[in-house]
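Numbering (our numbering), first residue to last: 543 to 858.
Even for Gly, the Cβ is constructed at its ideal location relative to N, Cα and C.
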Ligand SMILES: [Zn+2]
């Protein structure tokens with residue numbers, strides 16, 4: 543009798559574990575299915591599951607640990623630019639393959655595949671718009687397009703946008719993310735560094751404001767040119783910012799580099815960036831900086847004083 547009860551007890555315990563395992567695996571499967579469907583997002587840093595809608599509402603910043611997930615250029619524009627004020631520039635510019643470059647694939651095939659996959663023509667979106675009512679010229683790089691690499695189209699679009707900004711007396715903001723110059727375009731991609739820098743110098747000569755925002759990752763030729771030429775340089779938390787990669791430097795120096803090497807925080811400590819701004823505060827920070835640097839109208843008493851001194855000089 544006791545044995546029977548014991549075995550019944552054991553059996554029910556087995557059932558309980560079996561059921562639990564079964565329901566556990568079902569909920570795990572369901573969880574995985576929902577992640578695959580894009581309903582939930584699993585944070586790559588803290589592994590916490592967030593409802594994708596909530597994550598988007600928080601500008602793709604993890605609500606648990608503050609990890610800044612990558613955002614595409616369209617989403618960035620939505621986050622920063624006032625509704626219905628965005629006017630894209632030079633959307634017709636298309637990359638070509640002047641060197642007929644081939645690695646494992648033809649560069650022209652690579653371009654066509656990525657264009658079809660993500661619906662962008664190249665790695666940057668440029669345009670004019672308003673940020674909390676203030677006009678700006680904005681360039682947003684997109685890491686999905688060949689690692690945000692800078693080829694002729696990226697260079698030309700940014701240069702034309704900066705030239706428009708200089709003419710209209712608009713401030714320029716560029717959201718940077720890039721693996722560097724596009725090797726498939728060889729020297730043509732490297733000369734974009736000089737071209738964009740020259741356009742920025744003319745913008746600067748006109749006493750206009752330029753703010754690059756360095757996001758994860760900003761490296762290579764982009765860091766070596768327009769990303770570091772800002773009047774005020776902002777970065778997103780924990781962004782990797784550097785020229786050559788960590789591995790290359792470690793192999794050259796034969797030294798282990800510190801954990802925080804090439805992070806936004808380390809660059810701030812050494813004066814390479816001016817501030818680290820969480821994405822959720824970026825629009826307001828940019829607005830404040832731009833508003834502070836609006837051209838000041840000469841106060842009336844100064845005009846009177848200048849007129850008086852001119853008259854007295856003429857009288858002499
Ligand atoms: Zn997280």
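Using DSSP's beta-bridge definition, name the partner residues of residue i.
i	result
residue 692	723
residue 718	756
residue 593	582
residue 671	678
residue 817	776
residue 805	782
residue 683	666
Taking the CB atoms as reference points, tell me whether residue i and residue j lie closer together than 8 Å.
i	j	result
residue 757	residue 721	no
residue 623	residue 662	no
residue 701	residue 748	no
residue 687	residue 656	yes
residue 665	residue 718	no
residue 835	residue 713	yes
residue 828	residue 619	no
residue 670	residue 621	no
residue 786	residue 815	no
residue 597	residue 583	yes
residue 742	residue 698	no
residue 703	residue 631	yes
residue 496	residue 694	With the chain running from 543 to 858 in the structure shown, residue 496 is simply not present.
residue 832	residue 676	yes
residue 771	residue 711	no
residue 592	residue 581	no
residue 791	residue 807	no
residue 759	residue 736	no
residue 809	residue 774	no
residue 667	residue 615	yes
residue 796	residue 685	no
residue 678	residue 715	yes
residue 837	residue 608	no
- Message: Please output, in chain order, the residues near ligand 1 using a CB cut-off of less than 5 Å to any non-hydrogen atom of the ligand.
- Response: 585, 587, 588, 604, 606, 607 and 609
- Message: Using 8 Å as the cut-off, can you tell me whether the segment 794-804 makes contact with the segment 763-777, which would need three or more C-beta pairs spanning the two stretches below that distance?
- Response: no
- For the segment 590-609 against the segment 810-827, are there 3 or more C-beta pairs whose distance is under 8 Å? yes
- Task: Answer yes if the segment 640-648 comes into contact with the segment 713-727, meaning at least three C-beta pairs across the two stretches below 8 Å, and no otherwise.
- Result: yes
- Message: In chain order, what are the residue ranges of uninterrupted beta strand (DSSP E) at least 3 long that sit wholly in the segment 602-666?
- Response: none
- Task: Starting from the N-terminal side, write out each stretch of the alpha helix (DSSP H) that is 4 residues or longer and does not extend beyond the segment 758-790.
- Result: 762-765
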